[in-house]
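Enquirer: So the sequences go chain by chain: A and B.
In the numbering used here, each residue carries its 1-based index in the first sequence increased by 3.
In the numbering used here, each residue carries its 1-based index in the second sequence increased by 2.
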Amino acid sequence: MSELIALKNIGTQAADMVDVENGRVKKELYSNPEIFEEEIDLVFNKTWVFVGHESEVPEAGSFKTSYVGRHPVIISRDRKMNIHVLQNRCRHRGATVCEARKGKTKAFTCPYHGWGYGLDGSLRALPKPEEYDGVFDKKDMPLESLKWDSYQGMIFATFNQDIEPLADFLGGAKKWIDLFMKQGGGYPLQVLGEHRFNFPGNWKIQLENTTDAYHFPIVHKSFVSSLDEATADIFDFLDGEGFVEDLGNGHSVMVMIPELTDLEADLDQPIPERFNSLAQALRDEGKSEDEVKKLVRAAHGTGFNLNLFPNVSCSMAFFRVLRPVSVDETEIQHVAIGGAGAPNAFNQKRMRLHEHFQGPMGFGTPDDGEAWERVQKGSMAGTDGWILVNRGMTKLRDSADGNPQGAVCSETGMRGAYAKYKQVMAAGQSAKTATTDTVEEK
Amino acid sequence: MKSNTQLLALVTEFISYEADLLDHKGYQEWLSLWTDSGLYIVPTDLNETDYLSTLNLALDDADMRRMRVARLENGESVSANSVGSTVRMVSRVRILEAGDEAVIVRSAQTLNELRHGKLVTYPANVEYTLKPVDGGFQIEQKVVKLLHADGFLRTVSFVF
């Protein structure tokens with residue numbers, strides 16, 4: 004009983020540490036290991052978690068490995084082109100059946116005793132099966148699968164069988180995902196590769212950052228200095244017409260460069276000088292002037308960050324994916340994207356732009372990482388204290404879609420994410436309490 | 003054509019010189035070691051050879067190298083300001099090809115970084131394409147193949 008009471012207290016405590024009304028959260032949310040365990044259970048095991056993009060498993064037999072919270076999973080495509088999200092755990096003695104990051108295969112074979120699973124997870128063969136006569140039937144021992152769904156090729160999975168439909172969960176974020184997907188330049192979006200890095204800090208610090216325009220000119224001064232004048236002007240957006248909009252369910256969009264909201268609009272704009280060589284390369288490949296303009300505009304990436312609760316962001320020109328490792332360690336992927344079948348010059352340009360800012364050796368990420376590490380370290384000062392996410396909270400307006408909207412450097416998106424966090428932590432806790440009560444009654 | 007021993011000595015001296023420049027932040031002099039067309043590459047995929055068509059951790063032409071150095075030197079980058087010291091060990095220098103136009107070299111390097119009081123180690127195979135000039139060399143290509151290139155790295159605010 005005492006353990007159950009303790010669990011109940013932690014969930015409620017965490018929810019109580021989010022003061023939505025005043026736009027502040029207790030700094031302990033970054034460093035309390037018991038709260039972290041509860042987050043793994045209530046946030047990452049029970050909501051829709053992004054695991055990959057369909058272009059990462061393009062063909063029959065393609066697979067990639069990923070995580071849902073702490074759980075290693077495999078995303079596979081079977082011979083009928085159906086996608087599966089499978090727990091990466093042999094049903095016999097628990098070994099992972101796949102250690103590769105991605106690839107193509109006909110089967111997943113456990114290295115320990117040779118149990119072989121199909122791409123759909125079904126147990127196909129095992130050595131000396133006669134000893135299982137009357138013990139179990141092979142058909143009852145597939146790799147366990149997760150519930151999954153996708154939107155615009157983005158695959159989300161969950162352990163929660165009772166979860167709301169993905170389309171409902173994404174809600175107001177869907178129209179922004181649609182806009183984000185236009186950066187294939189008329190070609191289907193394709194993952195081109197990824198950068199991976201970690202930082203010694205809590206996952207919520209990263210969750211906040213993708214909807215934080217306020218830090219950009221400070222933390223990324225050295226990046227902006229490396230740009231030509233015209234590009235540097237584009238990134239000088241704090242006084243512009245951009246905004247942050249709370250899309251509900253913890254999702255938000257931060258529009259930094261409004262003129263790059265719809266990459267298929269304004270195609271009659273002249274080609275910026277820095278894209279002249281790309282434009283010429285595309286012309287050399289025989290592309291018409293209309294196609295050249297469309298591809299060049301798509302090469303910019305979008306002018307917004309769409310922050311999806313809890314673990315992925317459609318961030319200007321890439322997917323940012325976070326994974327909580329421990330209360331003070333977080334792994335991050337910066338997934339580069341381009342167009343499937345798009346001209347090589349286009350995808351190459353997209354990758355060079357990605358390398359410029361993103362990843363452990365980019366001109367932007369290392370400075371973000373430094374700031375986040377300092378947040379984790381500094382938040383340990385004092386026995387109690389608040390993290391402020393109240394910027395711009397008295398200057399909200401209604402967006403065209405009827406959502407709360409604030410200035411581009413407001414912390415509207417962070418407040419939205421924390422409101423969802425509070426709801427998930429509190430609701431999950433009441434579900435547990437209800438279960439406990441039922442058990443007690445029996 | 004020099005004997006291999008002589009060439010090996012010259013190559014080893016050059017690579018050690020470059021390593022010393024980078025550990026002691028002699029970045030401007032480091033920039034002068036390159037040909038105009040030279041590429042500094044830190045791949046994410048160690049089996050890849052078409053670096054231009056692949057995502058890398060870094061793929062720097064002359065402009066990007068100059069900007070990378072500016073970022074490390076101009077005091078605007080909070081992470082660059084936090085880098086303490088690096089000490090790199092270079093060894094196992096082997097000449098794979100010795101031509102008049104290009105000398106291809108493979109070596110082992112372990113870079114140790116002290117950052118916020120913590121030691122971080124980066125073992126790597128480093129491959130050079132060196133262009134012989136006036137009794138010395140210029141770097142045409144340097145590929146740093148980190149042993150854990152596809153893992154989750156700490157962020158890097160120095161030059162490998």
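All C-beta atoms in this analysis are idealised placements derived from N, C-alpha and C, irrespective of residue type, glycine included.
On a predicted model such as this, the values are computed, not experimentally measured, just so you know.
Tell me which residues share the same chain as A403(A) and place their Cβ nearer than 6 Å to its Cβ, disregarding the 5 neighbours each side in the sequence.
Expert: none
Enquirer: Quick one: what's got a C-beta closer than 6 Å to Q426(A)'s C-beta in the same chain, skipping five residues either side?
Expert: None.
Enquirer: Give, in chain order, every unbroken run of the alpha helix (DSSP H) that is at least 4 residues long and sits entirely within the region 278–343 of chain A.
Expert: 279–287, 292–302
Enquirer: Using only the alpha-carbon positions, how far apart do K49(A) and E197(A) sit?
Expert: 26 Å
Enquirer: With a threshold of 7 Å (Cβ to nearest heavy atom), would W51(A) be considered close to the ligand COA?
Expert: For the ligand COA, the structure offers nothing, since it holds no ligand at all.
Enquirer: Give every residue of the same chain whose Cβ lies closer than 8 Å to the Cβ of Q361(A), excluding the five residues on either side of it in the sequence, and list them in chain order.
Expert: For Q361(A), same chain residues with a beta-carbon under 8 Å away, outside a window of 5 residues either side, are H198, F321, H337, A339, G367, T368 in chain order.
Enquirer: Does DSSP classify E62(A) as helix, strand or coil?
Expert: Three-state DSSP puts E62(A) in coil, outside helix and strand.
Enquirer: Would you list, in chain order, the members of the region 55–81 of chain B that have their beta-carbon closer than 8 Å to a beta-carbon of chain A?
Expert: S55, T56, L57, N58, L59, A60, L61, M66, M69, R70, A72, R73, N76, E78, S79, V80, S81
Enquirer: Alpha carbons only, please: which of G342(A), D239(A), E232(A) is nearest the one belonging to E276(A)?
Expert: E232(A)
Enquirer: Do M383(A) and S34(A) count as a contact pair if the criterion is CB distance below 8 Å?
Expert: yes
Enquirer: Cα separation between G101(B) and V13(B)?
Expert: 13 Å
Enquirer: Return the CA-CA distance between T15(A) and D81(A), expressed in angstroms with no decimal places.
Expert: 43 Å
Enquirer: Contact criterion: CB-CB distance below 8 Å. Does L195(A) meet it with respect to chain B?
Expert: L195(A) has a beta carbon lying within less than 8 Å of a beta carbon in chain B.
Enquirer: Using a threshold of 8 Å, state whether the C-beta atoms of I17(B) and Y124(B) are closer than that.
Expert: no
Enquirer: Let me see if you follow: with CB-CB separation under 8 Å, is T14(B) close to chain A or not?
Expert: no
Enquirer: Can you give me, in chain order, the residues of the region 126–155 of chain B that have a beta carbon less than 8 Å from any beta carbon in chain A?
Expert: D152, G153, F154, L155
Enquirer: Measure the alpha-carbon distance for T415(A) versus K133(B) and round it to whole angstroms.
Expert: 55 Å
Enquirer: What does V44(B) touch in chain A if you count any residue whose Cβ is under 8 Å from its own?
Expert: M364
Enquirer: Could you pull the DSSP bridge partners for R400(A) from this structure?
Expert: Q408(A)
Enquirer: Taking 8 Å as the limit between beta carbons, can you name the residues of its chain near E332(A), skipping five residues before and five after?
Expert: N201, F202, P203, G204
Enquirer: Would V95(B) count as contacting chain A if we go by Cβ distances under 8 Å?
Expert: no
Enquirer: Compute the Euclidean distance between the alpha carbons of C113(A) and A64(B), then round it to the nearest angstrom.
Expert: 48 Å
Enquirer: Along chain B, in chain order, which residues have C-beta atoms closer than 8 Å to that of G372(A)?
Expert: Residues of chain B passing the Cβ test: S81, R156, T157.
Enquirer: Going by DSSP in three states, Q186(A) sits in which element: helix, strand or coil?
Expert: helix
Enquirer: Within a Cβ cutoff of 7 Å, which residues of the same chain sit near V442(A), ignoring the five residues on either side of it in sequence?
Expert: Low local confidence applies: a pLDDT of 48 at V442(A) is under 50, so the model's placement there is unreliable, and no value is given.
Enquirer: Mind checking if S329(A) is an interface residue toward chain B, Cβ cutoff 8 Å exclusive?
Expert: no
Enquirer: Along chain A, in chain order, which residues have C-beta atoms closer than 8 Å to that of S84(B)?
Expert: E373
Enquirer: Taking CB distances under 8 Å as the criterion, tell me whether E276(A) reaches chain B.
Expert: no
Enquirer: With a threshold of 6 Å on Cβ separation, who are the neighbours of F160(B) within its own chain once the five nearest residues in sequence on each side are excluded?
Expert: V85, T88
Enquirer: What number of angstroms, rounded off, separates the C-alpha of V146(B) from the C-alpha of V60(A)?
Expert: Cα to Cα, V146(B) sits roughly 29 Å from V60(A).
Enquirer: Check E376(A) in the structure and name its three-state DSSP category.
Expert: helix
Enquirer: Using CA coordinates, which residue listed in E57(A), L182(A), L126(A) is at the minimum distance from C317(A)?
Expert: L182(A)
Enquirer: From the DSSP output, which residues share a beta bridge with R80(A)?
Expert: I86(A)
Enquirer: Using a Cβ cut-off of 8 Å, pull out every chain B residue sitting near T108(A), in sequence order please.
Expert: For T108(A), no chain B residue has a Cβ inside 8 Å of its Cβ, as the nearest lies near 17 Å away.
Enquirer: Determine, using beta-carbon pairs with one atom in the region 236–244 of chain A and one in the region 375–393 of chain A, whether at least three such pairs fall under 8 Å.
Expert: no
Enquirer: List the residues of chain B that S229(A) touches, going by C-beta distances under 7 Å, in chain order.
Expert: M69, A72, R73
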